[in-house]
Amino acid sequence: ARYGSGFSEGFNGEAELFGINRNSVNYGVFGGYQIADNLAVELGYDYFGRVRGNTTFEGEEKDKRAAKHVAHGTHISLKPSYEVAQGLDVYGKVGAALVRNDYYVQQDVRHDSRIKAHNLKTSLLLGAGVEYAITPELAARVEYQWLSRVGNLDKAARKVGYEGTNFKYSPDFHSVSAGLTYRFGQGAALVAEPEVVTKNFAFSSDVLFDFGKASLKPAAAQALDAAHAEIANLGLASPAIQVNGYTDRIGKEAYNLKLSQRRAESVANYIVSKGVNPETVTAVGYGKANPVTGNTCDAVKGRKALIACLAPDRRVEVQVQGSKQV
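The opening position of the sequence shown corresponds to residue 1 in the UniProt record's numbering, with each subsequent residue numbered one higher.
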């Protein structure tokens, strides 16, 4: 929205009979679209103001209205801008305005002969101004605007049947206005919620360790390096890594619990050796808990056969959880 003052000029012909008051208030509303960072298009409606002419009729002492021109209409313009300081832009405008012009003229002030007419005319629009962002959404502007040759009184009068008029009147319009603009979509950008990613790895203890041992075999490096590379490729921010060690049910519970803890710590230490923050890595041994074989090996006879059957229970699991921006 904008509000300001403007004036028209250009009353010729019998204008010497009138005292012309060409200062007036103008106001309007507009909307726009930002095509690029420094270019917008604006469309609006303005009341451009009015010009009044007064004269003293024969036999009267006081001036009375003898002519009036009221202009209002729509306009469209391109608005290039340039930022001269943080939040402060200077801009120009070029476009066109479709203006409706309403006229009232005392055709001959010495007789009661009146002209009431109107017309539509397109005028060139030029402007310049400064705009300051009070907030990201709200801005204030001061603007100068010029319209070329607004309306045509002669043509309007002839259109309604008045011939012989001598008002060559197509004034330019000048205005200075102040206004406020609200910019949609300028608030804080919505930040997407980070995506939570979970990845699980399971390694056979028979691949990583010798039976009953907690030291990594040389062959373990290949499997653990592949897992570390996959974790790195997930692109997680400070992922939490938990290493869980398990044994089978053969042997004493306390021994198995201790062995599973040592195996989990061996894998955790290897992961840390690859540059992972040690504060994000934990190791827990669960002994013979959570067997994956269930009761499938209950009927197996012989120690070697049972050890082979329970191999899936002897494992190390690595659980990775973290978030990444999407």
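Note that CB positions come from ideal geometry on N, CA and C, so glycine has one too.
Within 10 angstroms of its Cβ, does GLU14 collect 16 or more other Cβ (buried), or is it exposed? Numbered from its first residue, the sequence shown carries residue 14 at position 14. At GLU14, the pLDDT of 43 sits below 50, so the modelled position is not reliable; the number obtained from the coordinates is stated separately. With 16 or more Cβ atoms within 10 Å of its Cβ, GLU14 is classed as buried.
Relative to the C-alpha of TYR246, which residue among GLY185, LYS258, SER238 is closest? One-based indexing of the sequence shown puts residue 246 at position 246. Closest option to TYR246, Cα to Cα, is LYS258.
Only counting the same chain, and skipping five residues up and downstream in sequence, which positions put a Cβ closer than 8 Å to that of TYR286? Within the sequence shown, the letter at position 286 stands for residue 286. ASN244, GLY245, TYR246, LEU257, SER260.
One or two residues paired with ASP242 in a DSSP bridge: Within the sequence shown, residue 242 is the residue found at index 242, counting from 1. According to the sequence provided, residue 242 is Gln. The question's Asp does not apply to it. In the DSSP assignment, GLN242 forms a beta bridge with THR282, GLN319.
For GLY89, name the three-state secondary structure that DSSP assigns. Residue numbering aside, residue 89 sits at position 89 when the sequence shown is read from its first letter. Gly is not the amino acid found at residue 89; the sequence shown has Asp there. The answer is strand: DSSP assigns ASP89 an E or B state.
Cβ pair TYR71, VAL25 closer than 7 Å: In the sequence shown, residue 71 corresponds to position 71, counting from 1. In the sequence shown, residue 25 corresponds to position 25, counting from 1. Residue identity check: residue 71 is Ala in the sequence provided, not Tyr. For ALA71 and VAL25, no; Cβs fall outside 7 Å.
To the nearest angstrom, how far is the alpha carbon of LEU153 from that of VAL84? Mapped onto the sequence shown, residue 153 falls at position 153. Mapped onto the sequence shown, residue 84 falls at position 84. Between LEU153 and VAL84, the C-alpha separation is close to 43 Å.
Assigned secondary structure, ALA254 (DSSP; H/G/I helix, E/B strand, else coil): Position 254 of the sequence shown holds residue 254. Helix.
Under 7 Å Cβ to Cβ from ILE35, same chain only, skipping five residues before and after it: list those, please. Your numbering for residue 35 matches position 35 in the sequence shown. If we look at ILE35 and ignore the five residues flanking it on each side, its Cβ neighbours are VAL41.
Any beta strand (DSSP E) of 3 or more consecutive residues that is wholly inside the segment 134 to 176: 138 to 147
So, is TYR33 buried or exposed, given that buried needs 16 or more other C-beta atoms within 10 angstroms? Along the sequence shown, one-based indexing puts residue 33 at 33. Flag for TYR33 reads exposed.
Buried versus exposed call for LEU310 [16 or more other C-beta atoms within 10 Å across all chains shown]: Position 310 of the sequence shown holds residue 310. With 16 or more other Cβ atoms within 10 Å, it is buried.
Where does PRO312 fall in DSSP's three states? Within the sequence shown, numbered from 1, the residue matching residue 312 stands at position 312. It is helical.
Reducing DSSP to helix, strand and coil, say where CYS297 ends up. Taking the first residue of the sequence shown as 1, we reach residue 297 at position 297. CYS297 falls in the coil class under three-state DSSP.
Presumed contact (8 Å Cβ cut-off) between LEU147 and SER77, rounded CB distance: Here residue 147 refers to the residue found at position 147 when the sequence shown is read from its first residue. Here residue 77 refers to the residue found at position 77 when the sequence shown is read from its first residue. LEU147 to SER77, Cβ: 11 Å. No contact.
Cβ-Cβ distance between residue 333 and PRO239 below 7 Å: The displayed coordinates of the chain run from 1 to 326. Any statement about residue 333 would go beyond what the structure contains.
Relative to the C-alpha of ASN200, which residue among GLU317, ASP37, PHE48, TYR91 is closest? Taking the sequence shown and counting its residues from 1, the one referred to as residue 200 is at position 200. Considering only alpha carbons, the answer is GLU317.
In the DSSP assignment, what are the bridge partners of HIS228? Reading the sequence shown from its first residue, position 228 is the one you call residue 228. Beta-bridge pairing links HIS228 to no other residue.
Residue range of the beta strand (DSSP E) that includes SER204: What you label residue 204 is simply residue 204 of the sequence shown in a count that begins at 1. 195 to 204 is the span of the beta strand (DSSP E), which, as asked, contains SER204.
Look up LEU208 in the DSSP assignment and say whether it is helix, strand or coil. Here residue 208 is taken as the residue at index 208 of the sequence shown, counted from 1. Helix.
Between the C-alpha atoms of LEU216 and VAL196, what's the straight-line distance to the nearest angstrom? Looking up residue 216 in the sequence shown gives position 216. Looking up residue 196 in the sequence shown gives position 196. When rounded, the distance between both Cα atoms is 31 Å.
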